[in-house]
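Peer 1: Numbering (my numbering), first residue to last: 278 to 387.
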Amino acid sequence: MDRKRDVGRVREPVQVYLAPSERRRLERLRDTLDTTKSDVLRKGLEALESQLLDPDLHPALSIVGLFHGTPPREGEPSLDVARAHDEVLADAEIDSWSSDRSGESGGRSK
Numbered sequence: 278m279d280r281k282r283d284v285g286r287v288r289e290p291v292q293v294y295l296a297p298s299e300r301r302r303l304e305r306l307r308d309t310l311d312t313t314k315s316d317v318l319r320k321g322l323e324a325l326e327s328q329l330l331d332p333d334l335h336p337a338l339s340i341v342g343l344f345h346g347t348p349p350r351e352g353e354p355s356l357d358v359a360r361a362h363d364e365v366l367a368d369a370e371i372d373s374w375s376s377d378r379s380g381e382s383g384g385r386s387k
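#1: State the start and end residues of the unbroken alpha helix (DSSP H) segment that holds T309.
#2: Work out the CA separation of D308 and S375 for me, nearest whole Å.
#3: Note down, in chain order, each residue of its chain lying with its Cβ closer than 6 Å to the Cβ of K314, except the 5 sequence neighbours on either side.
#4: Can you grab the Cα-Cα spacing for the pair A324 / V317, in whole Å?
#5: With distance defined between alpha-carbon atoms, name the residue in S298, E370, R319 and L310 nearest to P290.
#6: Along the chain, where does the alpha helix (DSSP H) that runs through E326 open and close?
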């Protein structure tokens, strides 16, 4: 490997014990991606980190902005979603039940 490209990258060996099925999975990914087992593990770490730390993928944060600009229901005062988020989410869930029933054979219509 070119030492100039590798400057600043410290490599440390890590020993991992895998079950036979995990080893087969690793080898299958290595073959599919046409790379090394080490690279598959590195990419897996990156993907897991992204999945866990990316705010766009965080389930709790996915509700941010969900009701932005939603007009109040007819005859009801405007709701401060920040203060009444439980009520707003409960109402949205209840509304989804009635729209589900209007779909085909009990399945979700969305």
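Glycine is no exception: its CB is placed at the ideal position from the N, C-alpha and C atoms.
Peer 2: Per the coordinate set shown:
#1: Per DSSP, T309 belongs to the alpha helix (DSSP H) from P297 to L310.
#2: In a straight line, the C-alpha of S375 is about 49 Å away from that of D308.
#3: Closer than 6 Å at the Cβ level, and outside the excluded window around K314, lie L303 and R307.
#4: Computed Cα separation, rounded: 10 Å.
#5: Comparing Cα-Cα distances from P290 to each of S298, E370, R319 and L310, the minimum goes to R319.
#6: Looking at the DSSP string, the run of the alpha helix (DSSP H) that includes E326 is K314 to L330.
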